[in-house]
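Report on the following structure.
Protein chains: 2
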Amino acid sequence: MDELLREVVLPRLGNRWLDDLGDAALLPRPAGEIAFTTDGFVVQPLFFPGGDIGRLAVCGTVNDLAVMGADPLWLSLGMVLEEGLLIETLARILDSAAAAAAEAGVAVVTGDTKVVAKGQADGLYLTTAGIGALRADRPRGVQEIRPGDALLLSGTVADHGLSVMLQRTPGVASALESDVAPLGGLVRALLEAVTGDVLFLRDPTRGGLAGVAADLAARTGLRLTLFEPAIPVRREVRYAADLLGLDPLSVANEGKVVAVVRPDAANRALAALRAHPFGRAASLAGRFGAERDGLCELETFSGGRRIVSKPYGEDLPRIC
Amino acid sequence: MDELLREVVLPRLGNRWLDDLGDAALLPRPAGEIAFTTDGFVVQPLFFPGGDIGRLAVCGTVNDLAVMGADPLWLSLGMVLEEGLLIETLARILDSAAAAAAEAGVAVVTGDTKVVAKGQADGLYLTTAGIGALRADRPRGVQEIRPGDALLLSGTVADHGLSVMLQRTPGVASALESDVAPLGGLVRALLEAVTGDVLFLRDPTRGGLAGVAADLAARTGLRLTLFEPAIPVRREVRYAADLLGLDPLSVANEGKVVAVVRPDAANRALAALRAHPFGRAASLAGRFGAERDGLCELETFSGGRRIVSKPYGEDLPRIC
């Protein structure tokens, strides 16, 4: 275990905290309130176009902090390894986690490794936790959302979920890429561009855009209308979703953000999102209406309307 | 998943942070520097005399914070559940985790649950991370240890490891109890009793007392002598260790602390430990000598001497 740490983990993820190998990392006092989150990762396969479980584990936790309006600072990484996992496989995953951490500007400061016998895990499982510094300009909260407020989407939907699902579909060779990415920079750009006018942020992972939108309608008690033509879906993603019988709106993303902003701020917010590499296809994808029925509806391409419900159960097991 | 959260998890672990079910818990600014740690738990069986994986997961992370000289505050809990795990089993484990958290004075403020198919985990795996507030009177560091300094042990060794191992030994019925316990209170009592004279603290988990002692000798470069008659071992633990061919000094504990203190402070430190329910059998178990060979030796009952080495490999897989 010592050898694994010193020869495989530390050369990749090492920093002045992790290198200590103490029982805990000793960190400076944060500037204000903090955000704390955790996420487990059991994705199968471990590698998929556009990412792998290492990148996913770092981005997932970074994004949970970012959408709470916190600047991500420090991560922990717990690994459960199945006996027989190749060191080269682990090394590739850690290389990828390290690259994602560098991209996100965070450090993995503490970790743990457990090994279980063959057949007691599926390659490896990762659990990250993260600490972020809450920003003064963080979202004001769902309770502030009013009729007329705009729902923005930072880009195409369903890339991650379909990328992973296609890897598991026999007879299909696909290079459809996951969107897995750290969103701290994009969120910061948005918060700085329209300070005070961001009411809510969420990364639409499990349950997809539909899950977030239906939940927002229910929590605000307002009608939320999504505009299908304003929800970008890659052509190959739409094709893959048809093939698998899935609704792209309900499929997980790992590099997108949903934002609710004041109507006046929508254009400036979109400009800020579009100026960032992860927000080029940002759109005004929905709007809260005056009807107090807590429903989410979709205005379709053809001008029809249908109710958008919270996806029931898990369409897609082990996509993250 | 929502149902599991609302009906099984929140009624047991809920608090104002966890109940929010946000992407991250928003926590007040800590009073000073912080400690951050993580640990994974894959113990088998999930229940053993004296504890279970839930109590272990809370205590393990609380203790890692405590021995760094931090007051444990907030925990995260990540769960990987194997499909088919009984809800009653999960509920018992969460009850136990909640009781341990209450005993330790910490709150589980954020969590995550993933489900994998039958045969892709072994019941459940837990990963906790924790944040603590660093105390001003925290241990001064290994670099401060000098010849003459005393090594204190808070009680009997090997209870946890042997309790779990015996549960896995066919044909043996044992009620040998694990010592799994949260050590924040015991450590605080010690630090307050001999402020400035505590140089090092560690909970001797994997590798046991031998692992910690051999590591201390190597890191200080000093001879460290352990006194076998001063290392309390329960009679039934000694018997079980003989049966399994294990050295109790190398077996994991989950409710003990090893402390290095200045010679003058040793008696006051022992009195403070013994006044606490988890430190009643505390002893002066070793002393650093002037020989600069970085070796750890054991003075045996019979007056002999033997070298104590860092246990090689894992005697005991999946004991935590």
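Protein chains in written order, with our numbering: chain A, 181 to 500; chain B, 181 to 500.
The C-beta atom is built at its ideal place from N, Cα and C for all residues, glycine as well.
In this text the structure is predicted, and so the values were computed from the model without any measurement.
Start-to-end residues for the beta strand (DSSP E) that takes in B:A287: 287 to 296
Distance CB(B:E434)-CB(B:L236) smaller than 8 Å: yes
Mind checking if B:Y419 is an interface residue toward chain A, Cβ cutoff 8 Å exclusive? no
Straight-line Cα distance separating B:A369 from B:G312: 17 Å
For B:L226, which residues of its own chain have a beta-carbon under 8 Å away from its beta-carbon, when the five flanking residues on both sides are left out? D232, I233, T269, I273, G303, L304
Quick check: the Cα distance between B:P384 and B:A439, rounded to an integer number of angstroms? 10 Å
Beta carbon of A:G258 nearer than 8 Å to that of A:G310: no
Given A:A301, which residues of its chain have a CB within under 6 Å of its CB, disregarding the five upstream and five downstream residues? V260, E262
Going by other Cβ atoms of all chains shown within 10 Å of its Cβ, with 16 needed for buried, is B:R467 buried or exposed? buried
Can you find a C-beta in chain A that's less than 8 Å from the C-beta of B:G299? yes
Of the listed residues A:G474, A:T375, A:V352, nearest to A:E416 (C-alpha basis): A:V352
In chain A, which residues lie with their C-beta within 7 Å of the C-beta of B:L206? E213, A215, M248, L314
Output needed for A:A271: all residues of its chain with C-beta closer than 6 Å, excluding positions within five of it in sequence on either side, in chain order. V188
Which listed residue (B:V247, B:L478, B:M181) has its alpha carbon closest to that of A:A205: B:V247
Starting from A:K294, find everything on chain B with Cβ-Cβ shorter than 7 Å and list it in chain order. G220, V222
8 Å contact criterion, which B:S445 and B:V374 should meet: CB distance rounded: According to the sequence provided, residue 445 of chain B is Ala. The question's Ser does not apply to it. Yes, they are in contact, since the Cβ atoms of B:A445 and B:V374 sit about 4 Å apart, within 8 Å.
Is the beta carbon of A:V322 closer than 8 Å to that of A:D400? Here residue 400 of chain A turns out to be Thr, not Asp, going by the sequence shown. Contact flag set, yes.
Which one of A:L255, A:R348, A:G299, A:E372 has the shortest CA to CA distance from A:W197? A:L255
Taking the continuous alpha helix (DSSP H) assigned at A:R192, which residues delimit it? 190 to 193
With a threshold of 16 other CB atoms inside 10 Å of the CB of B:R382, please say whether the residue is buried or exposed. buried
Min CB distance B:R454 to chain A below 8 Å: no
Which residue marks the beginning of the alpha helix (DSSP H) containing B:S276, and which one marks its end? 267 to 284
Give the list of continuous alpha helix (DSSP H) stretches no shorter than 4 residues that lie fully inside the segment 428 to 478 of chain B. 446 to 454
Identity of the residue in B:S334, B:P443, B:V367 nearest B:R318 by Cα: B:V367
Looking at C-alpha atoms only, which residue of A:V286, A:G240, A:V413, A:V223 is the closest neighbour of A:S430? A:V413
Just verifying my parser: in three-state terms, what is the DSSP assignment at B:I411? coil
Could you give the residue range of the beta strand (DSSP E) that holds B:T217? 214 to 221
Does any C-beta atom of chain B lie closer than 8 Å to the C-beta of A:Y492? no
Would you say B:V437 lies against chain A (beta-carbon separation less than 8 Å)? no
Just to confirm before moving on: does the CB-CB distance between A:A284 and A:P362 stay below 8 Å? yes
Through-space distance from B:E183 to B:D377, alpha-carbon basis: 51 Å
Suppose only complete runs of 4+ residues qualify. What are the alpha helix (DSSP H) ranges in the segment 315 to 378 of chain A, listed by chain order? 339 to 347, 364 to 373
So, is the C-beta of A:D203 closer than 8 Å to a C-beta in chain B? yes
Please classify B:E187: does DSSP put it in a helix, a strand, or coil? helix
Would you kindly check if the distance between the Cβ of B:A420 and the Cβ of B:L475 is under 8 Å? no
For the candidate residues A:R320, A:S354, A:L332, A:R326, whose alpha-carbon lies nearest to that of A:D339? A:S354
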